[in-house]
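Numbering-wise (the working numbering), the sequence shown opens with residue 1 and increments by one.
Think of the CB as a built atom: it goes at the ideal place given N, C-alpha and C, for glycine as much as any other residue.
Just below is one structure, and these are the notes that go with it.
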Amino acid sequence: MNIRKLTIRKTGDYRELAPLFAAAGLENTERVPEGFRFGFAAEDENGALAGGAALVKAGNQYVLHDIAVTEALRGKGVGRRLLCSVMAAFQDMGAERVCLAAKAPAFFRNYGFSEIDADEVPGLFHCQECESFGTKCTPEFMVMELTKERLLFVDSCVSTHRSRTRQLCDAWIRRFRKEHPGAVTDIAMAEPGVVQPMDRELILLRNELIQQRDWEAPMFDLARQFRRADYILVGAPYWDCSFPSVLKIYIENIVVADLTFRETEQGYEGLCPCRELTYITTAGGPVGEMDLGYDYIRGVGRMLGIRNFREYRAEGLDIRGADVDGIMAETLEKINHG
Ligand SMILES: Cc1cc2nc3c(=O)[nH]c(=O)nc-3n(C[C@H](O)[C@H](O)[C@H](O)COP(=O)(O)O)c2cc1C
Numbered sequence: 001m002n003i004r005k006l007t008i009r010k011t012g013d014y015r016e017l018a019p020l021f022a023a024a025g026l027e028n029t030e031r032v033p034e035g036f037r038f039g040f041a042a043e044d045e046n047g048a049l050a051g052g053a054a055l056v057k058a059g060n061q062y063v064l065h066d067i068a069v070t071e072a073l074r075g076k077g078v079g080r081r082l083l084c085s086v087m088a089a090f091q092d093m094g095a096e097r098v099c100l101a102a103k104a105p106a107f108f109r110n111y112g113f114s115e116i117d118a119d120e121v122p123g124l125f126h127c128q129e130c131e132s133f134g135t136k137c138t139p140e141f142m143v144m145e146l147t148k149e150r151l152l153f154v155d156s157c158v159s160t161h162r163s164r165t166r167q168l169c170d171a172w173i174r175r176f177r178k179e180h181p182g183a184v185t186d187i188a189m190a191e192p193g194v195v196q197p198m199d200r201e202l203i204l205l206r207n208e209l210i211q212q213r214d215w216e217a218p219m220f221d222l223a224r225q226f227r228r229a230d231y232i233l234v235g236a237p238y239w240d241c242s243f244p245s246v247l248k249i250y251i252e253n254i255v256v257a258d259l260t261f262r263e264t265e266q267g268y269e270g271l272c273p274c275r276e277l278t279y280i281t282t283a284g285g286p287v288g289e290m291d292l293g294y295d296y297i298r299g300v301g302r303m304l305g306i307r308n309f310r311e312y313r314a315e316g317l318d319i320r321g322a323d324v325d326g327i328m329a330e331t332l333e334k335i336n337h338g
């Protein structure tokens, strides 16, 4: 499975996900949980179910009732992608706090959840009534207090290997989460086949939707997601003096008149409230003045209303004899402390 081609679909049907939850050893999956709002189904490029999650609102409490990944696909990042979608959805629902009973607490701790005593979530979980409790199953009760802040990670790290750009992005996100506890991370995957280039038909459709001001149309999902972000991280390797073409395709999808910018008599007016856009890249050779990817992203960002930009760059990584670890460590140092 190519994790970059994973798609995450909202579903109102708990039963569609229940067999996956049961196979992953989650309890009480026979019945639709009380207060079930909706779920997410993660599907691979062939449409097969790779993971799922179920969101519950019990009274005024928001609960991540189930989240699981198909056994054969664990450890590839499906859970991480799912959790990001779940938390963004909870934030959209107005949640200020999300609770869960975790079998793998470390996974949730990485996102910003912390352990609490069971008596702090009375009546939310029925673990104590379950025969596996304390023997086969010893869950940790966890909670995350949400702020309204949202980070959008535009992941354009198309790569044949463990992307170095992506490693730098992961370090940046870890730092961001420390500095912004309670912020939610949303992910946009700029990947061929996942984002669509604008051809004649799509442009005609888009023009029609703009005319009707139908901003909820799926075609504008990425643009709405971009406009919703308080902080944006764009990660893209340095390709042919800029970045992979799929990032340009992503940009075509988010630059939408009257949604992310508008034309005025004085020129363009950006409609995106993002406070800062960070750009991370790695290059095989020297970059110098030819940083056209970052220049372009800043240009588009300004048009959309963003004023603050920052770049982290590791270059010269493919030069024969290069101290790759040293160059990466230097950039990581800047990301962690700069
Ligand atoms: C299609 C392609 C084009 C590239 N173009 C350049 C380039 O113009 N200049 C350069 O210094 N490195 C170039 N590189 C090398 C990458 O910038 C370098 O290997 C980078 O670290 C890859 O990032 P990643 O590990 O995140 O995939 C290119 C690599 C690929 C695959």
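Counting only residues of its own chain and dropping the five nearest sequence neighbours on each side, threonine 11 has a CB closer than 6 Å to the CB of Gly39 and Ala41. With 16 or more other Cβ atoms from the protein chains shown falling within 10 Å of its own Cβ, threonine 185 counts as buried. Close CB contacts of isoleucine 116 within its chain, under the 7 Å cut and outside five residues either way in sequence, are with Phe141, Met142 and Val143 (chain order).
Secondary structure of leucine 82 (DSSP, three-state): helix.
Under the rule that a run must span 4 or more residues, the alpha helix (DSSP H) segments found entirely inside the stretch 85-119 read 105-111. Burial state of cysteine 84 is buried, judged by a 10 Å Cβ sphere holding 16 or more other Cβ atoms. Counting along the chain, the unbroken beta strand (DSSP E) around alanine 68 starts and ends at 61-69.
In the same chain as cysteine 169, and ignoring 5 residues on each side of it, the C-beta atoms closer than 8 Å to its own belong to Phe153, Asp155, Cys157, Leu233, Gly235 and Ile280, in chain order. Methionine 328 is a Cβ neighbour of alanine 314, given a cutoff of 8 Å. Glutamine 266 and valine 255 have their alpha carbons spaced roughly 18 Å apart. The Cβ atoms of glycine 52 and alanine 68 sit closer than 8 Å to each other.
Inside the stretch 236-283, DSSP marks whole alpha helix (DSSP H) runs of 4 or more residues at positions 245-254, from first to last along the chain. Between leucine 20 and leucine 64, the gap from beta carbon to beta carbon reaches 8 Å or more. Contact holds between the stretch 311-325 and the stretch 281-294, because three or more Cβ pairs, one in each stretch, are under 8 Å apart. Contact between the stretch 160-169 and the stretch 189-200 is absent: fewer than 3 CB-CB pairs across the two stretches fall below 8 Å. Ranking Asp44, Gln61 and Asn110 by CA distance to the CA of glutamate 34 puts Gln61 first. Nearest Cα to glutamate 289 within the set Val78, Cys241, Gly301 and Leu222: Cys241.
In terms of side-chain proximity, the C-beta atom of cysteine 99 is found no nearer than 7 Å to any non-hydrogen atom of ligand 1. Ligand 1 never approaches proline 33 closely enough for any of its heavy atoms to be under 7 Å from the residue's Cβ.
Distances between the C-beta of proline 192 and the heavy atoms of ligand 1 are all 7 Å or more.
The closest heavy atom of ligand 1 lies 7 Å or more from the beta carbon of aspartate 258. For valine 300, the enclosing alpha helix (DSSP H) begins and ends at 292-303.
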